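No gaps in the numbering here: position 72 of the sequence shown is 72 in the working numbering, and each next residue is one more.
First comes the structure, then the notes that go with it.
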Amino acid sequence: MVKLVSVALICSLLIIYLKSINSDMYSLALIASGIIIVSIGLEYLYNTFELLNELVELSGIDKNTYGILLKITAIGYLVEFGAGTVEDMGLKNLSDKMVFVGKAIIISVSLPIFYSVLSTLYGLLT
1 MVKLVSVALI CSLLIIYLKS INSDMYSLAL IASGIIIVSI GLEYLYNTFE
51 LLNELVELSG IDKNTYGILL KITAIGYLVE FGAGTVEDMG LKNLSDKMVF
101 VGKAIIISVS LPIFYSVLST LYGLLT
């Protein structure tokens, strides 16, 4: 965790410095910093995914459902990260559109789960 905070602070100082000097480098530094910070965060998530896989195996949840839930979560985080980065560059309208399209993608990816729930309810009612 200290590594994450240290890198974030260093990147922040670099971005603030570059913003006052060169706006082109500022945008590149902002994107690169975001990628570095996310990659550090992914190291922490590896153990979490291993534990979740074990829990799914023990619980008997369908692996397809688990995969869909992971996709939905990943899409949400990626869209939020991308929209935040685009908004930091001063493009709020584009950021809002990214969030909207991300939500539409999440709905389309989650349709098999809705179908599964509805078919289970239908089976219980008949």
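Glycine included, C-beta positions come from ideal geometry on N, C-alpha and C.
Note that this is a predicted model, so its numbers are computed, not measured.
Expected contact under 8 Å - CB spacing of residue i and residue j to nearest Å
i: residue 33; j: residue 15; result: 6 Å
i: residue 75; j: residue 106; result: 5 Å
i: residue 128; j: residue 37; result: The structure shown does not extend to residue 128, since the chain is modelled only from 1 through 126, so no value can be given for it.
Inter-residue Cα distance where the pair is residue i and residue j
i: residue 21; j: residue 35; result: 22 Å
i: residue 111; j: residue 19; result: 43 Å
i: residue 102; j: residue 6; result: 31 Å
i: residue 25; j: residue 53; result: 41 Å
i: residue 56; j: residue 66; result: 7 Å
i: residue 59; j: residue 51; result: 12 Å
i: residue 45; j: residue 23; result: 33 Å
i: residue 126; j: residue 120; result: 10 Å
i: residue 114; j: residue 47; result: 29 Å
i: residue 123; j: residue 104; result: 28 Å
i: residue 90; j: residue 12; result: 17 Å
i: residue 116; j: residue 88; result: 39 Å
i: residue 29; j: residue 100; result: 26 Å
i: residue 81; j: residue 98; result: 10 Å
i: residue 17; j: residue 27; result: 12 Å
For residue i, the nearest candidate out of the options (CA to CA)
i: residue 31; options: 3, 98, 50, 83; result: 83
i: residue 96; options: 79, 45, 106; result: 79
i: residue 42; options: 99, 77, 117, 93; result: 77
Residue i, buried or exposed, once every other Cβ within 10 Å from all chains shown has been counted against 16
i: residue 86; result: buried
i: residue 1; result: exposed
Residue i beta carbon near the ligand SAH (any heavy atom closer than 7 Å)
i: residue 85; result: As far as ligands go, the structure on display features none, and thus does not contain the ligand SAH.
Is there contact between the region 69-80 and the region 105-120, where contact requires at least three CB pairs shorter than 8 Å? The answer is yes - the region 105-120 touches the region 69-80, with three or more Cβ pairs under 8 Å.
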